[in-house]
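Going line by line, the protein sequences match chains R and A. First residue of the first sequence: 1121, per my numbering; consecutive thereafter. First residue of the second sequence: 26, per my numbering; consecutive thereafter. Even for Gly, the Cβ is constructed at its ideal location relative to N, Cα and C. Contents: one structure, followed by commentary.
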Amino acid sequence: MSTLAVQDHGVVHHEEGHEHHHKQTFLNTYVFSQDHKYIAKQFLVTGIIMAFIAMTLSILFRIQLAFPDKSFPLLETLLGRFAPQGRISPDFYMSLVTIHGTIMVFFVLTAGLSGTFANLLIPLQIGARDMASPFVNMLSYWFFLTACVIMLSSFLVQKGPASGGWTIYPPLSALPKAMPGSGEGMTLWLISMVCFVASSLMGGINYVSTVLNLRTKGMDLWKMPLTVWALFLTAILGVLAFPVLVAGVVLLIFDRSFGTSFYLSDIVLNGQVQPYEGGSPILFQHLFWFLGHPEVYIVIMPAMGISSEVLSVNSRKPIFGYHAMVYSLIGITVLSFIVWGHHMFVTGMNPFLGGVFMITTLIIAVPSAVKTFNWLATLWRGNIRFTPAMLFAIGMVSFFISGGLTGIFLGNAALDINLHDTYFVVAHFHLVMGSAAIFGMLAGVYHWFPKMFRRMMDEKLGYLHFWLTFIGAYLVFFPMHFMGLDGVPRRYYAFTEFESMKRWLSVNMFITWAAILSGAAQIAFIYNFVHSIFWGKKTVQNPWNANTLEWTAPIEHIHGNWIGEIPTVYRWPYDYSKPGAEEDFIPQTVPFSQTMSSNLPHDFEDNPDGLEEYTEWANTHKVNEEVK
Amino acid sequence: MGFIKQINSKKIISLVAVFLLFAMNFVMGQSTNGADKAAKVDWTGVGYYILLFFLACLAVAVVGKILKVYDLSLKMQGRKGFNWNGVMGILCLLFLIFGLYGAYWSFTEQGSMSLPVSASVHGVDIDNMFLVTTILTMIVFVITQILLFGFAFAYRGSEKRKAYYLPHNNTIEKVWTVIPAIVLTILVVFGFFTWQKIMDTTERKGDLNIDITGHQFKWELRYPGKDGKLGTVNYALYTSSNILGIDYKDPNSFDDLMADTLVIPVNKSIRLNIHAQDVIHSVYMPHFRLQLNAVPGLPTFFKFVPTITTAEMRVRTDNPKFEYLLYCNKICGGGHYNMQKVVRVVTEEEYQDWIAKQKPYLSDQLKTQLKLAAAKTTGNKEVLLNRLALNN
């Protein structure tokens, strides 16, 4: 009865607060919605669909690698001219690799991950009604969708999609005659990428301004959950780095279509001397990796933030070293701008520069190591509740360790000579950035599903999904390290032309079957996801007993997030299992005056009045104890 | 009856929804591996794999239902439900054990398939550094993974316990910031000096200069003749008979030799001058721990000293057909995967024998062509200059 009364009261408040009430139509509720929660869902669903498409592409080229000499008539039926006689053609193989990489890096792990969780969590966790600019936020999604559609439409052009690798190094990508994919397919790739960057910028500016301006009362920066910190810094990184990609892409468009030579010089193609002079292909690489390297942190930092939050909630322990976690995120953000050259050690860049980039690169390993140790310390003496989200967060840490350590090899310029562009690199970044980031994303999906869809996902299917994917991913990527150490290059269509590479065929078959297994495991996820949206168990207000603000917002989504006033924040978000507290969690909205028995002197570091009050209370409490 | 109840409309609708949404993935992902069999056992192969997948799904569903019923019956008897925390904790432990064993197995089984000993002087330095880095990182790998899954197992949830409130500990945080920093500094310092040493490609007396030029999808080699010097090249001079665009104004170019195989004398400093004509290629010779991109418009250089002859390596690897290979390692088009060149390390005498048999780029045909061209277009300054050069 009492809850009902409170709700009634709230509704009245709400309607008073919105004098200019928007008319809710189908179009502005479900399509061109400006509500951050709905945009988050749009990003998530689009991201998942793109992820499935990119995964399918990867299984296609894995089949080619495992069975280079076999013919699959079905492939010809499905792919037509791209797979003559049931075998994927070398050019289409390149397209598959390229589009798989592009979709996964940009569309799934950048937009799908940041777009979903920044939209969902930033306003809800800092206590804002919506984004700073809901309209721009909506545009961000529609630009993203346009980019997706253009990228996929390149499968329909005569010569196939872009095929110069996701890094599209010119001159290969600049000369339409160099390979079929550098024709119309590459044009579409470039247009799609410009749309994508526009989307990413609109989103990023919004996230930054929302975090800086719209925090609720009491929510200072040092009371923000690590998810918000991570998403905030990611957005800053994106805003600063993505424009450089546009610059690079626009110059490439000029080279391709208007006869300039920014990246081209001294070229003889197919027996014809080309007129380009004075450009440098290395310039493009600098511009690309100036985005490209921050990009991998754009991908991994939200996953780090989500994992930190999920690990803390489900260990029922505060995150270990909150300040160190934030400072290491800031350190990564800053350093990530000065390490791009480690992608270019052997590309003809000045070797002295290589030495400098090697130093900066290995410095960035320090904050990453600190984060890993802090996660381990968070688990230590916890009371771990294995929700699927928790398992995915643990998996993320495991992948981050395994993949991060091989980064120490690749960041070392001398070792990179022999490892550059081999399967060692493929193994490295698929573990540290691919698998780790996707596991962070899945942890987020399982954890915040109740917030997004008001229902719970099935835990047992989640367990099945986790173990199959986790084991499958290790089986796929672990053996690749050794292929790389044997000097097997990446992006090779077949290894049958080389006597020395033939012995890896059995390993390739093994990897392909492991990939198919992990692919099939995703069916468990998608079934669980779709089924739970409609028929899952209804969620309770705070299903994980978490401290953060989003769980105080009503389950039913309303425009503006909270009925009535936005709750005030009094404490940091990680008061789990605090000694002396009644329960093992104290939400951020509970003032210290209500939890006298669990307060610590440390809680009042920047609050002298509170400290005085607390000491007084502690003294009288002590006296009372003695009297008893 | 139980079965009929389970197949209710909601489930069917959701299944259909899933399959419609991701029909593309399903058809491709499943039936393509089915097509593997299709080549042999007709189209039934596809159906076979799809059926297999459905059976697996059914098995999962049945096991799920059994677990649910078991859980409910436990609860009805007033006991606690199924302890999933315990199960997952144990699975984490099992994963740790089997995972570490699997990593060990992979190291021995596939690790032994990686490259043999380095065949160049600088490669030995790289290998040493690789070994040190591997040992250090593997120690960290094993310890952290044991801690991660060990903690997950040891502190699996239970209602009896409460987690230990530990927000931070400055001492230990400083320790684990400083230790990686020190280790990385050591690696950086060694790496930096090794890198500087390897990348010092200044030409010194006695270096054997060899030009290697990449174009789609072939490598061209150019050896200096008796003068020991390579003539200059200019891409604009390209013709079908002068595919490297060798500038014959430069007298050094007259005796430049062409070759099919990269034959190099052992224990001699070799300086590769790496060029590309169309797109970026990459000279990759893994046995020599050598890689450098070939960039159009930007010649690059790599200097190395081979130490093991091909014949010796054949004995070492116990493979009478062993050849060192050079291949392209930067995506360059459809034929990228097959752009190889045999590299043969031989003794000095063998090298001299071999080089004596190589033909010069300046073939008789080319000579006549250049002269003819000059005769035809006497007004053309450049060709005239070429002709003058030839008359030297």
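Q: Following the continuous alpha helix (DSSP H) through residue 1394 of chain R, name the residue where it begins and the one where it ends.
A: Stepping through the first sequence from its first residue, residue 1394 of chain R is reached at position 274. Secondary structure note for residue 1394 of chain R: it is in no alpha helix (DSSP H), with a DSSP letter that is neither H nor E.
Q: Report yes or no: is there a C-beta of chain A within less than 7 Å of the C-beta of residue 1749 of chain R?
A: Limits of chain R in this structure are 1121 at one end and 1748 at the other, which puts residue 1749 of chain R out of reach.
**Q.** Sequence ranges, alpha helix (DSSP H) only - wholly within the region 1521–1582 of chain R, length at least 4
**A.** Residue ranges of uninterrupted alpha helix (DSSP H) with 4 or more members, entirely inside the region 1521–1582 of chain R and ordered along the chain, are 1533–1539, 1543–1549, 1556–1573.
Q: Alpha carbon to alpha carbon, how far is residue 369 of chain A from residue 1403 of chain R? Give it in angstroms, no decimals.
A: Within the first sequence, residue 1403 of chain R is the residue found at index 283, counting from 1. Within the second sequence, residue 369 of chain A is the residue found at index 344, counting from 1. Spanning the two alpha carbons is a distance of roughly 35 Å.
Q) Over what stretch of residues does the alpha helix (DSSP H) that includes residue 365 of chain A continue unbroken? A) Residue numbering aside, residue 365 of chain A sits at position 340 when the second sequence is read from its first letter. Careful: residue 365 of chain A lies outside any alpha helix (DSSP H), inside the beta strand (DSSP E) at 365–371.
Q: Answer yes or no: do residue 1560 of chain R and residue 1350 of chain R have a C-beta to C-beta separation smaller than 7 Å?
A: As a first step, residue 1560 of chain R is located in the first sequence; it is residue number 440 there, counting from the start. As a first step, residue 1350 of chain R is located in the first sequence; it is residue number 230 there, counting from the start. No, the Cβ-Cβ distance between residue 1560 of chain R and residue 1350 of chain R is not below 7 Å.
Q. Can you name the start and end residues of the beta strand (DSSP E) that residue 1339 of chain R belongs to?
A. Looking up residue 1339 of chain R in the first sequence gives position 219. Careful: residue 1339 of chain R lies outside any beta strand (DSSP E) and carries neither H nor E.
Q: Reducing DSSP to helix, strand and coil, say where residue 273 of chain A ends up.
A: By 1-based counting over the second sequence, the position of residue 273 of chain A is 248. In this structure, residue 273 of chain A counts as coil in the three-state DSSP scheme.
Q. List, in order along the chain, the chain A residues whose C-beta lies closer than 9 Å to that of residue 1521 of chain R?
A. Here residue 1521 of chain R is taken as the residue at index 401 of the first sequence, counted from 1. Ordered by position in chain A, the residues that pass the 9 Å Cβ test against residue 1521 of chain R are 165, 166, 169, 170, 173.
(Q) Give me the chain R residues within the contact set of residue 385 of chain A, using Cβ-Cβ distance strictly less than 7 Å, ordered along the chain. (A) Start at 1 with the first residue of the second sequence, and residue 385 of chain A comes out as number 360. Correct list: empty, because the minimum Cβ distance to chain R is about 21 Å.
Q: Examine chain R for any beta-carbon lying closer than 7 Å to the beta-carbon of residue 11 of chain A, and answer yes or no.
A: Residue 11 of chain A lies beyond the stretch modelled for chain A, which goes from 26 to 417, so this question has no answer here.
(Q) Under DSSP, the beta strand (DSSP E) around residue 307 of chain A begins and ends at which residues? (A) Within the second sequence, numbered from 1, the residue matching residue 307 of chain A stands at position 282. Residues 306–310.
Q: Just mark residue 50 of chain A as buried or exposed, buried being the case when its beta carbon has 16 or more other beta carbons within 10 Å.
A: For this step, residue 50 of chain A is matched to residue 25 along the second sequence. With a pLDDT of 48 at residue 50 of chain A, under the threshold of 50, the predicted position of this residue should be treated as unreliable, though the coordinate-derived value follows. Its Cβ being crowded by 16 or more others within 10 Å, residue 50 of chain A is buried.
Q. Taking DSSP as the reference, what is the three-state secondary structure of residue 385 of chain A?
A. Position 360 of the second sequence holds residue 385 of chain A. Secondary structure of residue 385 of chain A (DSSP, three-state): strand.
Q | Cross-chain neighbours of residue 1492 of chain R in chain A, by beta carbon under 8 Å | A | Stepping through the first sequence from its first residue, residue 1492 of chain R is reached at position 372. Going along chain A in sequence order, the residues near residue 1492 of chain R (Cβ under 8 Å) are 169.
Q | Inter-residue spacing [alpha-carbon to alpha-carbon] between residue 1577 of chain R and residue 1672 of chain R | A | Within the first sequence, the letter at position 457 stands for residue 1577 of chain R. Within the first sequence, the letter at position 552 stands for residue 1672 of chain R. One C-alpha to the other measures close to 20 Å.
Q) Between residue 111 of chain A and the rest of its own chain, which residues show a CB-CB distance below 7 Å, the 5 nearest in sequence each way excluded? A) If you number the second sequence from 1, residue 111 of chain A lands on position 86. Cβ within range, chain order: 181.
Q: For residue 1549 of chain R, I'd like the list of residues in its chain whose CB is within less than 8 Å of its CB, leaving aside the five on either flank, ordered along the chain.
A: Within the first sequence, the letter at position 429 stands for residue 1549 of chain R. So the qualifying residues of the chain are 1416, 1523.
Q) Does any C-beta atom of chain A lie closer than 7 Å to the C-beta of residue 1451 of chain R? A) One-based indexing of the first sequence puts residue 1451 of chain R at position 331. Residue 1451 of chain R does not count as touching chain A.
Q. Does the beta carbon of residue 1606 of chain R sit closer than 7 Å to a beta carbon anywhere in chain A?
A. Here residue 1606 of chain R is taken as the residue at index 486 of the first sequence, counted from 1. Yes, residue 1606 of chain R lies at the interface with chain A (some Cβ there is under 7 Å from its Cβ).
Q: Drop a sphere of 10 angstroms on the beta-carbon of residue 1326 of chain R, count the other beta-carbons inside from all chains shown, and report buried for 16 or more, exposed for fewer.
A: For the purposes of this step, residue 1326 of chain R is identified with residue 206 of the first sequence, where counting begins at 1. The residue is buried, with at least 16 neighbouring Cβ atoms inside 10 Å.
Q) Near residue 304 of chain A, which residues of its chain fall below 8 Å by C-beta distance, leaving aside the five closest residues on each side in sequence? A) The sequence position of residue 304 of chain A within the second sequence is 279, counting from 1. Excluding sequence neighbours, residue 304 of chain A sits near 241, 321, 357, 358.
Q: Keeping to the same chain, check which residues put their C-beta closer than 6 Å to that of residue 1571 of chain R; ignore five residues upstream and five downstream.
A: Locating residue 1571 of chain R in the first sequence gives position 451, where the first residue counts as 1. So the list reads 1670, once near-sequence residues are dropped.
Q. Going by C-alpha distance, which of R:1329, R:1269, R:1191 is nearest residue 1256 of chain R?
A. As a working note, residue 1256 of chain R is residue 136 in the first sequence. Among R:1329, R:1269, R:1191, the Cα nearest to that of residue 1256 of chain R belongs to R:1329.
Q: Just confirm the distance between the C-beta atoms of residue 1465 of chain R and residue 1536 of chain R, as a whole number of angstroms; I'd bet it's less than 8 Å.
A: In the first sequence, the residue the question calls residue 1465 of chain R occupies position 345. In the first sequence, the residue the question calls residue 1536 of chain R occupies position 416. That pair is a contact at about 5 Å.
Q. What are the uninterrupted segments assigned as beta strand (DSSP E) that are 3 or more residues long and contained completely in the region 311–345 of chain A, given in chain order?
A. 315–319, 325–329
Q: Would you verify that the beta carbon of residue 176 of chain A is, or is not, closer than 7 Å to some beta carbon of chain R?
A: Against the second sequence, residue 176 of chain A aligns to sequence position 151. So, interface residue.
Q | DSSP-derived helix/strand/coil call for residue 138 of chain A | A | As a working note, residue 138 of chain A is residue 113 in the second sequence. In the structure shown, residue 138 of chain A sits in a helix (DSSP, three-state: H, G or I).
Q: Classify residue 53 of chain A as buried or exposed, calling it buried when 16 or more other Cβ atoms lie within 10 Å of its own Cβ.
A: In the second sequence, counting from the first residue as 1, residue 53 of chain A sits at position 28. Unreliable placement is indicated for residue 53 of chain A, whose pLDDT of 46 sits below 50; the coordinate value is still reported in the next sentence. Classification of residue 53 of chain A: buried, given that the 10 Å Cβ count is 16 or more.
Q: With residue 353 of chain A as the anchor, note down where its alpha helix (DSSP H) starts and where it stops.
A: Here residue 353 of chain A refers to the residue found at position 328 when the second sequence is read from its first residue. Premise fails: residue 353 of chain A lies in the beta strand (DSSP E), 349–353, not in any alpha helix (DSSP H).
Q. Can a CB atom of chain R be found closer than 7 Å to the CB of residue 129 of chain A?
A. As a position in the second sequence, residue 129 of chain A is number 104, starting the count at 1. Taking Cβ atoms only, chain R never reaches closer than 7 Å to residue 129 of chain A, which makes this a no.
Q.
Considering just the uninterrupted stretch of the alpha helix (DSSP H) at residue 1165 of chain R, what are its terminal residues?
A. For the purposes of this step, residue 1165 of chain R is identified with residue 45 of the first sequence, where counting begins at 1. Run containing residue 1165 of chain R: 1156–1186, per the alpha helix (DSSP H) assignment.
(Q) Distance cutoff 7 Å, beta carbons only. Does residue 1220 of chain R sit that close to anything in chain A? (A) Residue 1220 of chain R sits at position 100 when you count from the first residue of the first sequence. No, because no Cβ of chain A sits closer than 7 Å to the Cβ of residue 1220 of chain R.
Q | Endpoints, beta strand (DSSP E) assigned at residue 246 of chain A | A | Along the second sequence, read from residue 1 onward, the residue named residue 246 of chain A stands at position 221. First-last of the beta strand (DSSP E) with residue 246 of chain A: 243–248.
**Q.** Length of the line joining the Cα atoms of residue 316 of chain A and residue 290 of chain A
**A.** Along the second sequence, read from residue 1 onward, the residue named residue 316 of chain A stands at position 291. Along the second sequence, read from residue 1 onward, the residue named residue 290 of chain A stands at position 265. Answer to the nearest angstrom: the Cα atoms are 19 Å apart.
Q. Under the three-state reduction of DSSP, which class applies to residue 183 of chain A: helix, strand or coil?
A. Residue numbering aside, residue 183 of chain A sits at position 158 when the second sequence is read from its first letter. The answer is coil: DSSP assigns residue 183 of chain A none of H, G, I, E or B.
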